[in-house]
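*Asks:* Supplied in structure tokens, the structure appears directly below.
In the working numbering, the protein residues as written are 13 to 278.
Following this line, the structure appears as structure tokens:
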């Protein structure tokens, strides 16, 4: 989500919240309703604290979940980039019958991650690696085939074969982690819970300020604005690769640069 788009949505929510607050006051202060509501709820005071606390806790849990997804995505990128560099270094220090195709496959996988999979993950709906045109699965499969080839295993030896296969599995795992992170959403149950608590809090505030119109409008506007803007921030941050503070591909870009300039040690 771009910053201008985010601010345009924020302005729209602000206008909607202001209109809704005045509409609630218009309805509750109409003579046909106001006298009855004052008689029933005019003595209520300080009952809005509990509902606001529950609403705040629900939003806090949602924000915490989104933050954890961002941390997992950043961690997956770091681990995947480290595995790429390590495979590249290994390919230079083994028999070149194995090392040369391994280095070529690792370089191609890194390029495909940046050129094919990263744009897919940047979509708000998340990654959909359904075809070779949007997936780095081809070179990743070649890396697995190189490690699983019996002749290559004889050239590598048991220990090195195990390390190459372990690093290949790490690439697969972290690839799935970042793909899953890009498709993360808060889900309808949690969204429904937040909206239910928001409606309950607004109802309680409206009734507790039923005899003070300016206070009711201000309290409802403040609560609605803070809650809806918070939900907007959560929506914009759902996909860590398309968020305002998006996860950048710098570790993988750095890994590709290292792979292109690596030289065999003496």
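Quick reminder that beta carbons are idealized off the backbone N, C-alpha and C, glycines included.
None of these values were measured; they are calculated from a predicted model.
How big is the Cα-Cα spacing for residue 65 and residue 200?
*Replies:* Taking the chain shown and counting its residues from 1, the one referred to as residue 65 is at position 53. Taking the chain shown and counting its residues from 1, the one referred to as residue 200 is at position 188. Distance between the alpha carbons of residue 65 and residue 200 is about 21 Å.
*Asks:* Using only the alpha-carbon positions, how far apart do residue 79 and residue 130 sit?
*Replies:* To locate residue 79, count along the chain shown from 1; it is residue 67. To locate residue 130, count along the chain shown from 1; it is residue 118. Cα-Cα distance, rounded: 20 Å.
*Asks:* Excluding five sequence neighbours on each side, which residues of the same chain lie with their C-beta closer than 8 Å to the C-beta of residue 271?
*Replies:* As a first step, residue 271 must be located in the chain shown, where it is residue number 259. Excluding residues within five positions, the ones whose Cβ falls inside 8 Å are 96, 97, 100, 115, 118, 119, 122.
*Asks:* If you draw a straight line from the alpha carbon of residue 261 to that of residue 155, how long is it in whole angstroms?
*Replies:* Within the chain shown, residue 261 is the residue found at index 249, counting from 1. Within the chain shown, residue 155 is the residue found at index 143, counting from 1. Cα-Cα distance, rounded: 21 Å.
*Asks:* Along the alpha helix (DSSP H) that carries residue 132, what are the first and last residues, could you check?
*Replies:* Against the chain shown, residue 132 aligns to sequence position 120. Its alpha helix (DSSP H) spans residues 130-133.
*Asks:* Would you identify the three-state DSSP class for residue 43, choosing helix, strand or coil?
*Replies:* Counting from 1 along the chain shown, the entry for residue 43 is found at position 31. Residue 43 falls in the helix class under three-state DSSP.
*Asks:* For the alpha helix (DSSP H) that residue 112 lies in, which residues bound it at each end?
*Replies:* Taking the first residue of the chain shown as 1, we reach residue 112 at position 100. Its alpha helix (DSSP H) spans residues 108-124.
*Asks:* Can you name, in chain order, every residue of its own chain whose Cβ lies under 7 Å from the Cβ of residue 232, other than the five neighbours on each side?
*Replies:* Here residue 232 corresponds to residue number 220 of the chain shown, with the count starting at 1. The answer, listed in chain order, is 33, 36, 214, 217, 218.
*Asks:* Determine the closest residue to residue 15 out of 244, 267, 263, 265, with distance taken between C-alpha atoms.
*Replies:* The sequence position of residue 15 within the chain shown is 3, counting from 1. Out of 244, 267, 263, 265, 244 has the C-alpha closest to the C-alpha of residue 15.
*Asks:* Looking at C-alpha atoms only, which residue of 256, 110, 187 is the closest neighbour of residue 158?
*Replies:* Position 146 of the chain shown, counted from the first residue, corresponds to residue 158. Nearest of 256, 110, 187 to residue 158, Cα basis: 110.
*Asks:* Would residue 104 and residue 274 qualify as a contact pair, given that the criterion is a beta-carbon distance under 7 Å?
*Replies:* Taking the first residue of the chain shown as position 1, residue 104 is located at position 92. Taking the first residue of the chain shown as position 1, residue 274 is located at position 262. Yes, the pair counts as a contact, with Cβ atoms nearer than the cut-off.
*Asks:* Would you call the CB atoms of residue 81 and residue 186 closer than 7 Å?
*Replies:* For the purposes of this step, residue 81 is taken as the residue at position 69 of the chain shown. For the purposes of this step, residue 186 is taken as the residue at position 174 of the chain shown. Going by C-beta atoms, residue 81 is not nearer than 7 Å to residue 186.
*Asks:* Check residue 197 in the structure and name its three-state DSSP category.
*Replies:* Working through the chain shown from its first residue, we reach residue 197 at position 185. Of the three classes helix, strand and coil, the one that applies to residue 197 here is coil, per DSSP.
*Asks:* Is residue 261 helix, strand or coil by DSSP?
*Replies:* Here residue 261 refers to the residue found at position 249 of the chain shown. Of the three classes helix, strand and coil, the one that applies to residue 261 here is coil, per DSSP.
*Asks:* Alpha carbon to alpha carbon, how far is residue 106 from residue 278? Give it in angstroms, no decimals.
*Replies:* Translated into the one-based positions of the chain shown, residue 278 becomes position 266. Translated into the one-based positions of the chain shown, residue 106 becomes position 94. Confidence at residue 278 is low in this model, with a pLDDT of 43, below 50, so its placement is unreliable and the value that follows should be read with caution. Taking the straight line from one Cα to the other gives about 12 Å.
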